[in-house]
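Using this note's numbering, the first residue of the sequence shown is number 4, and each one after it goes up by one.
The beta carbon of each residue, even a glycine, is placed where N, CA and C say it ideally should be.
For clarity, every value in this text was computed on a predicted model and none was experimentally measured.
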Amino acid sequence: MNWNAPINSWWRSHVTLRTLYLLFLGQLVSFTLALMSFTSSLIADLGVDAPVTQSAFAYFSLALVYGGVLLYRRQRLRVAWYWYLLLGFVDVQGNFLVNKAYQFSSITSVTLLDCCTIAWAIVLTWLFLGTRYSLWQLLGAALCVLGLGLVLLSDAGGDGGGGSRPLLGDVLVIAGTIFFATSNVGEEFFVKKKDRVEVVCMIGVYGLLVSAVQLSILELKSLESVEWSTNILLGFAGYAASSFMFYTLAPFVLKVILLFANCYLLIRFPLD
């Protein structure tokens, strides 16, 4: 049976809704990232230097909610625990470095340079997942990297618009994006092959464990010196909530994109 005609008909009738839906999801993810940047910058402006601690609350919320879902399902892990431990470790380092950068650089520079994740993700998916990109996609990524280079030059010249040591903050962000890209590629691989809820839950569980060890080594003295206030608590709560939204939405968006990509391939290369 030739499925080409009914699929083509469905695609034509839903292409506008599909495009709008993907745009909406993309903007929603961007909004959560903006909230994460704003709250992290607010925490730094309030004099709190605890980048691992603020991420720990986010991981705790993920482990609590999605762990409850897995317990309800009585589902065994489909991926070995040590892979999730590695994924959690990499993700924690990415959050640590980027959140630490707010102590030295402005929110504008950090947010812009955080887009380096895209360039690293392209390289990693090409090397390890076999993803191939068109010339236009590569040119677009190169243009973005060129723009980010201008941000570095601006901060190196002292015109970064804020921050005590903007160039150091920029270096921390770029280093953090390497970890973020690695985490995102690993997350994409597991989401594609395994269960989305399990992946998010395990990022929360192992991210929380790694964060607990790391903050006990690096941040105990810093936490003891914090004069806790309502604004600081709201900053931590806002960061945890926006991070929870991001980690919930990102794998879902990956699933949706993969679904539509498979439909597109089925139309281009129909099975007779």
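Pairing Ser137 with Ala144, the inter-Cα distance amounts to about 11 Å. Between the stretch 90–98 and the stretch 196–214, the count of Cβ pairs shorter than 8 Å is three or higher; the stretches touch. Where Asp198 is concerned, there is no enclosing alpha helix (DSSP H), because DSSP gives it neither an H nor an E. The alpha carbon of Arg199 has as its nearest neighbour, out of Arg135, Ser44 and Pro254, the alpha carbon of Pro254. Taken through DSSP and simplified to helix, strand or coil, Val51 comes out as coil. In the three-state DSSP reduction, Gly207 falls in the helix class (H, G or I). Between the stretch 235–254 and the stretch 43–50, the count of C-beta pairs closer than 8 Å reaches three or more; the two stretches touch. Of all alpha-carbon atoms in Glu201, Val174, Gln57 and Val126, the one lying nearest the alpha-carbon of Leu115 is that of Val174.
Here Arg21 carries a helix assignment [DSSP, helix/strand/coil].
In the DSSP assignment, Ser225 falls within the alpha helix (DSSP H) that extends over Leu223 to Glu227. Apart from the 5 residues on each side of it in sequence, Ser225 sits with its Cβ closer than 7 Å to the Cβ of Asp52 and Ala53 in its chain, given in chain order. Cys118 carries a coil assignment under DSSP once its states are collapsed to helix, strand and coil.
Restricting attention to alpha helix (DSSP H) runs no shorter than 4 residues, the stretch 26–78 encloses them at 54–76, ordered along the chain.
Note on geometry: alpha-carbon atoms of Ser186 and Gly97 lie some 8 Å from one another. Distances from the CA of Ala61 to each of Leu23, Arg76, Thr35 and Ala244 were compared; the closest alpha carbon is that of Ala244. Exclusion of the five residues before and after Val213 leaves Gly91, Phe92 and Val95 as the residues of its chain whose Cβ lies within less than 6 Å of its Cβ. Between Tyr250 and Leu36, the CB-CB gap reaches or exceeds 7 Å.
Across the set Phe192, Trp86 and Leu80, the C-alpha of Phe192 shows the shortest separation from the C-alpha of Thr128. Within the same chain, Val200 come within 6 Å of Val72 by CB-CB distance, once the 5 residues on both sides are set aside.
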